[in-house]
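Number of protein chains: 2
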Amino acid sequence: MTILSGLRITECAAFIAGPFATMSLAALGAEVIRIDPLEGGLDYCRWPVTASGRSLYWAGLNKGKKSVSIDLRSAEGRDLAQAIITAPGEDAGMFITNFPATGWLDYEALKRRRGDLIMANILGNRDGSTALDYTVNCAVGFPLATGAPDGSTPTNHVLPAWDLLCGMTAATGLLAAERHRRRHGVGQLLKIALSDIALAVVGDLGFIAEVQINGDDRARHGNHIFGAFGHDFETLDGRRVMVAAVSLGQWKTLCKATGIAEAVAALEQAAGLDMAREGDRFAARDALAGLLSPWFASRTLAEAAARLDAERACWGLYQTFSELVHDDPRCSSASTLFGQVDHPGIGTTLTPRTPIDFAACDPVPPAAGPILGQHTDEVLLDVLKLSSGQVAALHDKGIVASAGL
Amino acid sequence: MTILSGLRITECAAFIAGPFATMSLAALGAEVIRIDPLEGGLDYCRWPVTASGRSLYWAGLNKGKKSVSIDLRSAEGRDLAQAIITAPGEDAGMFITNFPATGWLDYEALKRRRGDLIMANILGNRDGSTALDYTVNCAVGFPLATGAPDGSTPTNHVLPAWDLLCGMTAATGLLAAERHRRRHGVGQLLKIALSDIALAVVGDLGFIAEVQINGDDRARHGNHIFGAFGHDFETLDGRRVMVAAVSLGQWKTLCKATGIAEAVAALEQAAGLDMAREGDRFAARDALAGLLSPWFASRTLAEAAARLDAERACWGLYQTFSELVHDDPRCSSASTLFGQVDHPGIGTTLTPRTPIDFAACDPVPPAAGPILGQHTDEVLLDVLKLSSGQVAALHDKGIVASAGL
Numbered sequence: 030m031t032i033l034s035g036l037r038i039t040e041c042a043a044f045i046a047g048p049f050a051t052m053s054l055a056a057l058g059a060e061v062i063r064i065d066p067l068e069g070g071l072d073y074c075r076w077p078v079t080a081s082g083r084s085l086y087w088a089g090l091n092k093g094k095k096s097v098s099i100d101l102r103s104a105e106g107r108d109l110a111q112a113i114i115t116a117p118g119e120d121a122g123m124f125i126t127n128f129p130a131t132g133w134l135d136y137e138a139l140k141r142r143r144g145d146l147i148m149a150n151i152l153g154n155r156d157g158s159t160a161l162d163y164t165v166n167c168a169v170g171f172p173l174a175t176g177a178p179d180g181s182t183p184t185n186h187v188l189p190a191w192d193l194l195c196g197m198t199a200a201t202g203l204l205a206a207e208r209h210r211r212r213h214g215v216g217q218l219l220k221i222a223l224s225d226i227a228l229a230v231v232g233d234l235g236f237i238a239e240v241q242i243n244g245d246d247r248a249r250h251g252n253h254i255f256g257a258f259g260h261d262f263e264t265l266d267g268r269r270v271m272v273a274a275v276s277l278g279q280w281k282t283l284c285k286a287t288g289i290a291e292a293v294a295a296l297e298q299a300a301g302l303d304m305a306r307e308g309d310r311f312a313a314r315d316a317l318a319g320l321l322s323p324w325f326a327s328r329t330l331a332e333a334a335a336r337l338d339a340e341r342a343c344w345g346l347y348q349t350f351s352e353l354v355h356d357d358p359r360c361s362s363a364s365t366l367f368g369q370v371d372h373p374g375i376g377t378t379l380t381p382r383t384p385i386d387f388a389a390c391d392p393v394p395p396a397a398g399p400i401l402g403q404h405t406d407e408v409l410l411d412v413l414k415l416s417s418g419q420v421a422a423l424h425d426k427g428i429v430a431s432a433g434l
Numbered sequence: 030m031t032i033l034s035g036l037r038i039t040e041c042a043a044f045i046a047g048p049f050a051t052m053s054l055a056a057l058g059a060e061v062i063r064i065d066p067l068e069g070g071l072d073y074c075r076w077p078v079t080a081s082g083r084s085l086y087w088a089g090l091n092k093g094k095k096s097v098s099i100d101l102r103s104a105e106g107r108d109l110a111q112a113i114i115t116a117p118g119e120d121a122g123m124f125i126t127n128f129p130a131t132g133w134l135d136y137e138a139l140k141r142r143r144g145d146l147i148m149a150n151i152l153g154n155r156d157g158s159t160a161l162d163y164t165v166n167c168a169v170g171f172p173l174a175t176g177a178p179d180g181s182t183p184t185n186h187v188l189p190a191w192d193l194l195c196g197m198t199a200a201t202g203l204l205a206a207e208r209h210r211r212r213h214g215v216g217q218l219l220k221i222a223l224s225d226i227a228l229a230v231v232g233d234l235g236f237i238a239e240v241q242i243n244g245d246d247r248a249r250h251g252n253h254i255f256g257a258f259g260h261d262f263e264t265l266d267g268r269r270v271m272v273a274a275v276s277l278g279q280w281k282t283l284c285k286a287t288g289i290a291e292a293v294a295a296l297e298q299a300a301g302l303d304m305a306r307e308g309d310r311f312a313a314r315d316a317l318a319g320l321l322s323p324w325f326a327s328r329t330l331a332e333a334a335a336r337l338d339a340e341r342a343c344w345g346l347y348q349t350f351s352e353l354v355h356d357d358p359r360c361s362s363a364s365t366l367f368g369q370v371d372h373p374g375i376g377t378t379l380t381p382r383t384p385i386d387f388a389a390c391d392p393v394p395p396a397a398g399p400i401l402g403q404h405t406d407e408v409l410l411d412v413l414k415l416s417s418g419q420v421a422a423l424h425d426k427g428i429v430a431s432a433g434l
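Chains A and B, in that order, give the protein sequences. Position one of the first sequence corresponds to residue 30 (our numbering), numbered consecutively onward. Position one of the second sequence corresponds to residue 30 (our numbering), numbered consecutively onward.
Below is the structure:
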């Protein structure tokens, strides 16, 4: 038995936040039914794509889901989709969408078909206006605080962090609502705006208070870790590492591994600082980086790594995606996080499970993304209890479609 | 009634992932008890700090929690902490830590006191070795793919995205385990490694398949959105905006708002491309940005915004943290996301609630972070049912402490 065995969630969504929420729940063993229009959703061809045009992005974000393909422009198709969303079952009746919750996706309309429906609606902004990760990120301060200290133009992130965080927040919200429904019998409409995810984090991490209480606007500090010590260094053989000393223990191990303790003591005396204090380490960051640079520059990666690891200092190696995949054992079948999975029409790739291990439940095997419409018939037969004749009629009328690569 | 009314979670954690997980659950109405050593945890003075040394970071990440302060070096203090973690109650017995799960934090030891304990242990790496957001991020490819296309040194992110995502993943995992316990009566040890969070996302978003199937290593594209069209532009009055056209609809509204449709048609003909296709928009990204640059450069922000909004194009303004706080109505008391909250010893600041709205539950008011030890006596009396004499004796022996600013 897996941790979420039995739970069923339906999805009408595209891009990252919604699909990532349900992908994460499918990876915990939930049954997830993704409903798409016959030609595929807005994200069906999203890059990166294979030479034959199959989206690696779509395959990744829909792993372990059932795909149902319906003509959502037709009234009959919409009725069918509503029927799947609101199908009976104590563990069913959960729905997520990032489309406007109007028309056939209106919560009240759906609620008339199932009174205790739990529906999560992901919005751009709280007022319903559009926003994407990119147009939220620019507004919340990070791009202007990222990159070299002497730069002035913004640096966008490549990781769609707000989308991902929004997805996991939605997953948490759905499970919280399911707990509430189980106890009190009532469903729920959840609204989650992508921009609110970012705004809340800006508050949670102290950036708002930094402006309001301290009157500070966080400056660019390049690759320095704010308020502690951490920086990147180049080794003799041209590799680059990040070292971090956030706690006093990490600072001591770093000093010991690199033998800079005496030089640090001299620096402390000269500058009137105490490097046991994180703020003083940050104040002296350039001088400290200056002490460490020659140590790394005169050692190969292997030599530096051996010393750092011997003292259990905290460090990491900069790798491209390709280096990560080819060289890092954490990103290989040697880790139980991954399995080799054949994705139909794409090929076999290293595919992650959920990053959560549950000691007392069965693990969910790493799964492929579905082919568009792969589970249309299965869902119509099993969830809606249609007869095979009814399913055939829907096909004949072009209301539904099955898998085709 | 709030969505998580009744649930109780104990925390022995520091920095971001663990505290953010429980902060997020406290913001949904759960009772969260954070146990710290008498002098405060490793993150008690983490920057940013006020002039008087109070951590804005700590206050933000511990909002809405109860703080209990115990001498964890003493056997009696550890016994007390174990008693709180394993206290009875159908909705209690949930615990999160990012410390090594050994000694008094060993799962088996805790399980002997409460057989159905749910415990989430956040690790650096799966093998138990140390890793921080910074030392994970460098290894998983993003810093070398971030920043100007002609750059070669890595650009670290400022947002601790992996920590935050790890925290929300832990929150989801805890609720999944609680659902399972309610149904089957069994507790659970959850293990979640920070590096696995990042590795799984690299797989989920298609980066691993891009290497393995396509043989590509994602290049740096500066502020261009990969596989679609999106870039930043400077306005006549020196402001900077990000525009994004991920879907065909967004592309059409952008063309209409900026009047570039004819020029785009000419470009399509000359280059043999079809901008209705996202991949072609990406291939022509520099030419398209070249078409749009003069449009923005010849308009003030207000003029550009009026045109973009009239067509509902998707765009955002680059803002510093200070501009966000001072100028953006989404980041103000005008939004129900925020309230003005007095944080003891710090002052009044704009403070976020949970970004999830639950239509059929009471909202949880935005909360302050506790003072260290503020709830020690309350928890000893209410959760452990000690007598006031027993609590006084623990104070006399220096085993526990109450709030002191």
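Heads up, the beta-carbon is just placed ideally off N, CA and C, and yes, glycines get one too.
Span separating the alpha-carbon of residue i from that of residue j
| i | j | result |
| --- | --- | --- |
| B:N150 | B:R63 | 15 angstroms |
| B:F49 | B:G374 | 21 angstroms |
| B:N185 | A:I254 | 9 angstroms |
| B:S322 | B:W344 | 14 angstroms |
| B:L434 | B:D156 | Unreliable placement is indicated for B:L434, whose pLDDT of 46 sits below 50; the coordinate value is still reported in the next sentence. Answer to the nearest angstrom: the Cα atoms are 39 angstroms apart. |
| B:P394 | B:K94 | 13 angstroms |
| A:L33 | A:I289 | 51 angstroms |
| B:I99 | B:V429 | 4 angstroms |
| A:G132 | A:L101 | 12 angstroms |
| B:A335 | B:L265 | 14 angstroms |
| A:L413 | A:A43 | 24 angstroms |
| A:G89 | A:R382 | 11 angstroms |
| A:G180 | B:F311 | 26 angstroms |
| B:G118 | A:A331 | 52 angstroms |
| A:D145 | A:P66 | 26 angstroms |
| B:T79 | A:M304 | 19 angstroms |
Cβ distance (whole Å) where residue i is taken to contact residue j below 8 angstroms
| i | j | result |
| --- | --- | --- |
| B:F262 | B:V270 | 6 angstroms |
| A:R341 | A:T282 | 6 angstroms |
| A:G244 | B:W76 | With 8 angstroms as the limit, A:G244 and B:W76 do not qualify as a contact, their Cβ atoms being about 15 angstroms apart. |
| A:L54 | B:G232 | Not really, about 17 angstroms apart at Cβ, beyond 8 angstroms. |
| A:R142 | A:T182 | Contact doesn't hold; Cβ gap of about 51 angstroms is too wide. |
Which of helix, strand or coil DSSP assigns to residue i
| i | result |
| --- | --- |
| A:T377 | strand |
| A:P66 | strand |
| B:L423 | helix |
| A:V408 | helix |
| B:D162 | helix |
| B:V275 | coil |
| B:S416 | coil |
| A:H186 | coil |
| A:C167 | helix |
| B:C343 | coil |
| A:R336 | helix |
| B:F49 | helix |
Within-8 angstroms CB hit, residue i to chain C
| i | result |
| --- | --- |
| A:L219 | Any reference to chain C falls outside this structure, whose protein chains are A and B. |
At a Cβ cut of 7 angstroms, what residues of the segment 344-356 of chain B count as close to chain A, listed as they run along the chain?
-> W344, G345, L346, Y347, Q348, T349, F350, S351, L353 and V354
Which ranges would you report for the beta strand (DSSP E) in the segment 195-252 of chain B if only whole runs of at least 3 residues count?
-> 217-222
Taking a Cβ distance cut-off of 7 angstroms, strictly less, list which residues of the segment 354-382 of chain B are near chain A, in chain order.
-> V354, D357, R359, C360, S364, L366, I375, G376, T378, L379, T380 and P381
Taking only runs of the alpha helix (DSSP H) that begin and end inside the segment 51-122 of chain B, which ones reach a length of at least 4 residues, in chain order?
-> 85-90 and 104-114
In chain order, what residues of the segment 232-244 of chain B put their CB closer than 7 angstroms to some CB of chain A?
-> G232, D233, L234, G235, F236, I237, A238, E239, V240, Q241, I242 and N243
Check each residue of the segment 185-205 of chain A: if its Cβ is closer than 7 angstroms to any Cβ of chain B, include it; give the result in chain order.
-> N185, H186, V187, L188, A190, L193, L194, M197, T198, A200, T201, G202, L204 and A205
Taking a Cβ distance cut-off of 7 angstroms, strictly less, list which residues of the segment 116-137 of chain A are near chain B, in chain order.
-> none
Using a beta-carbon distance cut-off of less than 8 angstroms, what residues from the segment 59-78 of chain B approach chain A?
-> L71, C74, R75, W76, P77 and V78
Give the residues from the segment 164-175 of chain B that approach chain A closer than 7 angstroms (Cβ to any Cβ), ordered along the chain.
-> T164, V165, C167, A168, V169, G170, F171, P172, L173, A174 and T175
Under 7 angstroms (Cβ pairs) to chain A, residues found in the segment 273-289 of chain B = A273, V275 and S276
Please go through the segment 257-314 of chain A and give each complete beta strand (DSSP E) segment of 3 or more residues, from N-terminal end onward.
-> 258-263 and 269-274
Chain B contacts made by the segment 398-414 of chain A, where a contact means CB separation under 8 angstroms = none
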